[in-house]
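Working notes for the structure below.
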Amino acid sequence: MKVGIPRERRDGERRVAATPDTVKQLTGMGLEVLVEAAAGERSGHPDRDYTQAGAAVVPALDASALDVLLHVRPLDPHAAAALRRGTVTVGLASPSSELPAVEALAGAGVTSFALELVPRISRAQSMDALSSQALVAGYRCVLEAAIRLPRFFPLFMTAAGTVPPARVLVLGAGVAGLQAIGTAKRLGARVFANDIRPASADEVASMGGTFIRLDLETAEAAGGYARQLSSDAGTRQRQLLAPHVAESDVLITTAAVPGRPAPLLVTRGMVQGMRAGSVVVDLAAESGGNVEGVVPGEDIDVPTADGTGHVTLVGLKDPASATAFDASRLYAKNVANLLALMVKDGALDLDFGDEVVAGACLTHDGEVRHRPTAELLGARSKAPQEGTL
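Each residue of the sequence shown is one higher than the last, beginning at 3 in our numbering.
Structure representation (structure tokens):
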């Protein structure tokens with residue numbers, strides 16, 4: 003059975019879906035692994051390492067000859083349509099925002115597995131790519147803030163005087179937020195955090211942060227994810243957060259609600275209330291942003307309200323890809339572990355009675371099996387007809 007590893011083609015993407023280590027795991031399952039030339043180059047894995055691990059490095063992958071395609075970013079509709087019927091794909095699919103690609107996968111009869119859909123159960127933790135990549139992103143966003151902040155993070159007591167530690171505020175205490183808290187704490191900052199899920203307080207404390215309690219409704223959904231606050235509660239949240247934001251030297255926002263645009267946590271006015279030289283890093287910039295006015299991939303200078311300077315607003319883009327070596331190491335292991343559930347004696351054996359396999363399946367046999375995505379596609383197909391007389 004032939005498994006293909008392509009070179010990722012989206013701008014800024016440096017990760018790869020298999021490393022030499024996971025190639026050994028795949029070949030150990032009895033699979034033939036084909037790696038497109040230079041697929042791992044940007045993540046620090048040269049072609050020769052794949053060859054030594056047992057893969058065949060080819061100039062280009064023949065989509066029609068593959069049984070399985072492993073990828074990082076969602077496939078574009080053209081690439082999806084080029085796959086032969088019955089091909090299995092495993093990778094990130096962003097189904098709610100990549101509907102044309104989902105349609106192409108279903109139309110081509112491809113069985114696609116989206117890592118975003120892997121159930122959040124103990125048995126599937128080793129396949130949870132959202133968590134592994136959020137860990138990388140949370141670490142990276144603190145480094146990006148430290149580089150831009152014109153101050154030290156830690157306390158220094160010197161003969162020339164005492165330098166106080168920076169004050170860091172993290173909004174959102176999921177995997178990315180907790181990693182940001184831990185990283186900022188290791189750098190010596192005083193770290194504070196808030197999350198609308200009350201259970202996060204103990205996790206924040208375990209990472210060395212101080213939890214900020216706000217007088218708000220709780221908002222925890224199934225699987226430990228946050229749910230969207232009501233409009234009034236969102237306004238109240240921003241009012242209560244404003245003084246904490248103003249006191250911070252660094253603000254890091256990581257809040258996300260699965261399947262929805264990122265919630266607005268911080269207004270422009272709140273950013274302008276910070277001290278000159280402060281830094282805001284929005285980890286949710288690519289999904290709409292937690293901070294008003296953020297632009298993915300850009301640094302924006304926001305004038306302070308007192309006119310003394312500006313605050314740097316950073317819209318992080320591809321944060322996990324910026325640490326491509328270790329991000330790929332973790333991601334590739336997630337992919338290989340999920341594929342291992344579907345392979346028996348070197349051949350595909352898809353057991354849809356397995357809740358992990360069934361839960362992660364996006365399309366199969368010409369149908370979209372993920373109900374929320376199927377409903378989005380149905381609504382999109384009806385919209386032009388409803389507007390036509």
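Here a beta-carbon is modelled for each residue, glycine too, at the ideal position from N, C-alpha and C.
- Going by C-alpha positions, L189 is about 26 Å away from T306.
- Judged by beta-carbon spacing, R373 lies beyond the 8 Å limit of L364, meaning their Cβ atoms are not closer than that value.
- In chain order, V120, V358 place their CB closer than 7 Å to the CB of A126, counting only its own chain and leaving out the 5 sequence neighbours on each side.
- Following the DSSP letters along the chain, one finds M272 in no beta strand (DSSP E) but inside the alpha helix (DSSP H) bounded by residues 270-274.
- Under the three-state reduction of DSSP, V259 is assigned to coil, being neither helix nor strand.
- The alpha-carbon of L341 is positioned some 33 Å away from that of D284.
- The stretch 149-165 makes no contact with the stretch 102-115: fewer than 3 CB pairs, one atom from each, lie closer than 8 Å.
- Within the same chain, H312, T314 come within 7 Å of D303 by CB-CB distance, once the 5 residues on both sides are set aside.
- Contact between the stretch 161-177 and the stretch 190-201 is present: three or more C-beta pairs spanning the two stretches fall below 8 Å.
- Secondary structure note for A58: its beta strand (DSSP E) is the uninterrupted segment 58-60.
- Listed in chain order, the non-local C-beta contacts of L216 below 6 Å within the same chain comprise L242, local neighbours out to five positions each way being set aside.
- A direct Cα-Cα distance of roughly 38 Å separates V144 from L379.
- Our two residues, E34 and P61, have alpha carbons roughly 16 Å apart in a direct line.
- Judged by DSSP in its simplified three-state form, P305 adopts strand.
- Residue state for N292 is assigned as coil, using DSSP reduced to three classes.
- At a Cβ-Cβ threshold of 8 Å, P167 and A191 count as neighbours.
- About 31 Å separates the Cβ atoms of A108 and G291, ruling out a contact at the 8 Å cut-off.
- Residue burial annotation: S330 is buried, with at least 16 other C-beta atoms found within 10 angstroms of its C-beta.
- Ranking D356, H73, R382 by CA distance to the CA of R12 puts H73 first.
- In the three-state reduction of the DSSP assignment, M344 falls in the coil class, being assigned neither a helical nor a strand state.
- With contact defined as three or more Cβ pairs closer than 8 Å, the stretch 239-253 and the stretch 158-165 are not in contact.
- DSSP places A131 in the uninterrupted alpha helix (DSSP H) bounded by 131-150.
- One thing to note: S208 has its Cβ no nearer than 8 Å to the Cβ of L332.
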